[in-house]
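The sequence shown begins at 5 in this note's numbering and counts up by one. Everything on this sheet refers to the single structure shown next.
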Amino acid sequence: MIPVNTPKLDGNEEKYLLECIRTGWISSEGPFVSRFEKEFSAYIGKKYGIAVANGSGALDIAVKSIGITSGDEVIMPTFTIISPAQSVVRQGGIPVLVDSDPDTWNMDVSQIEQKITVKTKAILVVHIYGLPVDMRPVIDIALRYNLKIIEDAAEMHGQTYNGEKCGSFGDISIFSFYPNKHVTTGEGGMLLTDDHFLAERCREYRNLCFQPKRRFMHEDLGWNYRMTNLQAALGIAQLERIDWAVKRKREIGSLYNKYLSGIRGYQLSLQTTDYAENIYWVYGVISEEDAPISAQEIQKKLAEKKIGTRPFFWCMHEQPVFNKMGLFLNEHYPVAEHMARNGFYLPSGLGITDDEIKLVSEELRKTVNH
Ligand SMILES: *Cc1c(COP(=O)(O)O)cnc(C)c1O
5 MIPVNTPKLD GNEEKYLLEC IRTGWISSEG PFVSRFEKEF SAYIGKKYGI AVANGSGALD
65 IAVKSIGITS GDEVIMPTFT IISPAQSVVR QGGIPVLVDS DPDTWNMDVS QIEQKITVKT
125 KAILVVHIYG LPVDMRPVID IALRYNLKII EDAAEMHGQT YNGEKCGSFG DISIFSFYPN
185 KHVTTGEGGM LLTDDHFLAE RCREYRNLCF QPKRRFMHED LGWNYRMTNL QAALGIAQLE
245 RIDWAVKRKR EIGSLYNKYL SGIRGYQLSL QTTDYAENIY WVYGVISEED APISAQEIQK
305 KLAEKKIGTR PFFWCMHEQP VFNKMGLFLN EHYPVAEHMA RNGFYLPSGL GITDDEIKLV
365 SEELRKTVNH
């Protein structure tokens, strides 16, 4: 059995977790939480880190804390996990979608400007699968139109854009530490910002908007999105090995590239662009028009061989939940639709061995050649 993801937890994870249990510090009040916030924000190069229960919660807080409210428009990719879109919709905002770039699979930044209206408040960039969004044009547009940037860097720990860390570009940025991310806390997330007041608001929203003076009197609605000391303990141990993790992710990608090179009818994860080298959060494959067998069939055949895969994200404009709300009706984004229908990814977690990568690649080739 080769699962689609296996985490790697053989550093100081056990030691720090034991420390939590022996000292009794298990809740969000424990000392690892603020230490993890400091160390992770310093690593990315932001002043403030606010650790939360998961990446989706971080997006809820990000969207609310920068003031997205009823009728505000937020430009984002249609090809993404639902988290950023649902955070905007929950605040009464309207996601305004753009199609994807067929090579990098990220939002096509050349489509952003034409989507701007008087109601546009922010651009929400989501770095997809291992290559960063082309940030330079996004930053230029945000400056020219006075828009905020929310940066979803949930898949990008340690990735850079032109040498600068992903997660350092947003007015507010978020990360996830789910086990398929290459820094994991089991469940977890973090918000990052350089703005002191924004950071304070995030802390309030994370903690039910309790007030320092009258704790149980509330001026606003927040969430309980606190991270526990146990999670932060894992995070600190994981962060100690981030350089190794980044290197290993790239090795995993290179091995797939090597073993799958020349395969006909399938588009593979792009290795490099002008501004970044792929970190392969996941190693993706898209079946093209002339593919001998479809993505779904490959996934089924690999499952029979006990090899885990996952389909690509499903576009936001084709989500029944949003269509039922009257959102995105009759909108079409052909590149993203093609990716969603024909894309899947191979086992790419840090726990995978070189032999397993070889085996997966061989099985994929055999499946395709039959
Ligand atoms: C994983 C992920 C999230 C959500 O994070 P969770 O911790 O699972 O809630 C958000 N955005 C992107 C791009 C992700 O990959």
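The C-beta atom is built at its ideal place from N, Cα and C for all residues, glycine as well.
Can you tell me whether N110 sits near ligand 1, meaning its C-beta is under 8 Å from at least one heavy atom of the ligand?
On the sequence shown, residue 110 is found 106 positions in, with the first residue counted as 1. No heavy atom of ligand 1 is found nearer than 8 Å to the CB of N110.
Hey, is A158 close to ligand 1, as in C-beta under 8 Å from one of its heavy atoms?
Position 154 of the sequence shown holds residue 158. Yes, the beta carbon of A158 sits closer than 8 Å to at least one heavy atom of ligand 1.
Note down the Cα distance separating E353 from P11, rounded to an integer number of angstroms.
For the purposes of this step, residue 353 is taken as residue 349 along the sequence shown, with counting starting at 1. For the purposes of this step, residue 11 is taken as residue 7 along the sequence shown, with counting starting at 1. Going by the sequence as given, residue 353 is Gly instead of Glu. Each residue's alpha carbon lies about 6 Å from the other.
Measure the C-alpha to C-alpha separation of D198 and T313 and round it to an integer number of angstroms.
Stepping through the sequence shown from its first residue, residue 198 is reached at position 194. Stepping through the sequence shown from its first residue, residue 313 is reached at position 309. About 38 Å.
Given a cut-off of 9 Å, decide if S273 and G288 are closer than it, judged by their beta-carbon atoms.
The sequence position of residue 288 within the sequence shown is 284, counting from 1. The sequence position of residue 273 within the sequence shown is 269, counting from 1. Note that the C-beta distance between G288 and S273 is below 9 Å.
Alpha carbon to alpha carbon, how far is I178 from N184? Give it in angstroms, no decimals.
Within the sequence shown, numbered from 1, the residue matching residue 184 stands at position 180. Within the sequence shown, numbered from 1, the residue matching residue 178 stands at position 174. Between N184 and I178, the C-alpha separation is close to 16 Å.
In terms of residue numbering, what span does the beta strand (DSSP E) encompassing V8 cover?
Counting from 1 along the sequence shown, the entry for residue 8 is found at position 4. Run containing V8: none; DSSP gives neither H nor E here.
Quick check on F44: does DSSP put it in helix, strand or coil?
Taking the sequence shown and counting its residues from 1, one reaches residue 44 at position 40. In the structure shown, F44 sits in a helix (DSSP, three-state: H, G or I).
Within the continuous alpha helix (DSSP H) that includes L22, where are the two ends?
Indexing the sequence shown from 1 puts residue 22 at position 18. Under the DSSP assignment, L22 falls in the alpha helix (DSSP H) whose first and last residues are E17 to T27.
Just to confirm, are G96 and T82 a CB contact at a threshold of 9 Å?
As a working note, residue 96 is residue 92 in the sequence shown. As a working note, residue 82 is residue 78 in the sequence shown. Annotated as distal: G96 and T82, with beta-carbon spacing of 9 Å or more.
In whole angstroms, what is the alpha-carbon distance linking V130 and A55?
Here residue 130 corresponds to residue number 126 of the sequence shown, with the count starting at 1. Here residue 55 corresponds to residue number 51 of the sequence shown, with the count starting at 1. Rounded to whole angstroms, V130 and A55 show a C-alpha spacing of 19 Å.
Helix, strand or coil, according to DSSP, for V286 in the structure here?
Looking up residue 286 in the sequence shown gives position 282. Reduced to three states, the DSSP call for V286 is coil.
Could you tell me whether the Cβ atoms of D64 and K125 are closer together than 9 Å?
Counting from 1 along the sequence shown, the entry for residue 64 is found at position 60. Counting from 1 along the sequence shown, the entry for residue 125 is found at position 121. Not closer than 9 Å, so no.
As a quick exercise: from S87, G171, E366 and R210, pick the residue whose alpha carbon is nearest that of K309.
For the purposes of this step, residue 309 is taken as the residue at position 305 of the sequence shown. When each option's Cα is compared against that of K309, the closest is E366.
For R268, tell me which candidate among I283, E292 and W248 has the shortest Cα-Cα distance.
Walking along the sequence shown from the start, residue 268 turns up at place 264. Taking only the C-alpha atoms, the option nearest R268 is E292.
Just the Cα atoms here: how many angstroms apart are A89 and E322?
Position 85 of the sequence shown, counted from the first residue, corresponds to residue 89. Position 318 of the sequence shown, counted from the first residue, corresponds to residue 322. Distance between the alpha carbons of A89 and E322: 12 Å.
Helix, strand or coil for L259 per DSSP?
Working through the sequence shown from its first residue, we reach residue 259 at position 255. Helix.
Cβ contact (3+ pairs, closer than 8 Å) linking the region 201-216 and the region 103-121
By the C-beta criterion, the region 201-216 is judged not to be in contact with the region 103-121, since fewer than 3 inter-stretch pairs fall below 8 Å.
Could you tell me the distance, in whole angstroms, from the CA atom of H161 to the CA atom of H186?
Taking the first residue of the sequence shown as position 1, residue 161 is located at position 157. Taking the first residue of the sequence shown as position 1, residue 186 is located at position 182. It is roughly 7 Å from the alpha-carbon of H161 to the alpha-carbon of H186.
Under 6 Å Cβ to Cβ from S91, same chain only, skipping five residues before and after it: list those, please.
Position 87 of the sequence shown holds residue 91. Closer than 6 Å at the Cβ level, and outside the excluded window around S91, lie L63, D64 and V67.
Are the CB atoms of L202 and S69 within a distance shorter than 9 Å?
Reading the sequence shown from its first residue, position 65 is the one you call residue 69. Reading the sequence shown from its first residue, position 198 is the one you call residue 202. A Cβ-Cβ contact shorter than 9 Å links S69 with L202.
Verify the contact flag: N228, CB atom, against every heavy atom of ligand 1, threshold strictly below 8 Å.
Within the sequence shown, the letter at position 224 stands for residue 228. It does not: the Cβ of N228 is nowhere closer than 8 Å to a heavy atom of ligand 1.
Below 8 Å, can you find three or more Cβ-Cβ pairs linking the region 229-244 to the region 28-43?
Yes, since at least three Cβ pairs between the region 229-244 and the region 28-43 fall closer than 8 Å, the two stretches touch.
Looking at the unbroken alpha helix (DSSP H) that takes in P88, where does it start and where does it end?
Along the sequence shown, read from residue 1 onward, the residue named residue 88 stands at position 84. Where P88 is concerned, the enclosing alpha helix (DSSP H) starts and stops at S87 to R94.
Helix, strand or coil: which one does DSSP assign to F36?
The residue given as residue 36 occupies position 32 in the sequence shown. Looking at F36 - three-state DSSP - the assignment turns out to be helix.
Kindly examine ligand 1 and report whether one of its heavy atoms sits closer than 8 Å to the Cβ of Q337.
Indexing the sequence shown from 1 puts residue 337 at position 333. Note that residue 337 is Tyr in the sequence shown, not Gln. Answer for Y337: no, Cβ out of range of ligand 1.
Using the three-state DSSP reduction, which class does Y209 fall into: helix, strand or coil?
Working through the sequence shown from its first residue, we reach residue 209 at position 205. Y209 falls in the helix class under three-state DSSP.
Taking 8 Å as the cut-off, is the CB of N282 close to at least one heavy atom of ligand 1?
Here residue 282 refers to the residue found at position 278 of the sequence shown. No, Cβ of N282 sits at least 8 Å from all heavy atoms of ligand 1.
Looking only at C-alpha atoms, which of M80, N334, K305 and Y279 sits nearest to D112?
Position 108 of the sequence shown, counting from 1, holds the residue named residue 112. It is M80 whose Cα lies nearest to the Cα of D112.
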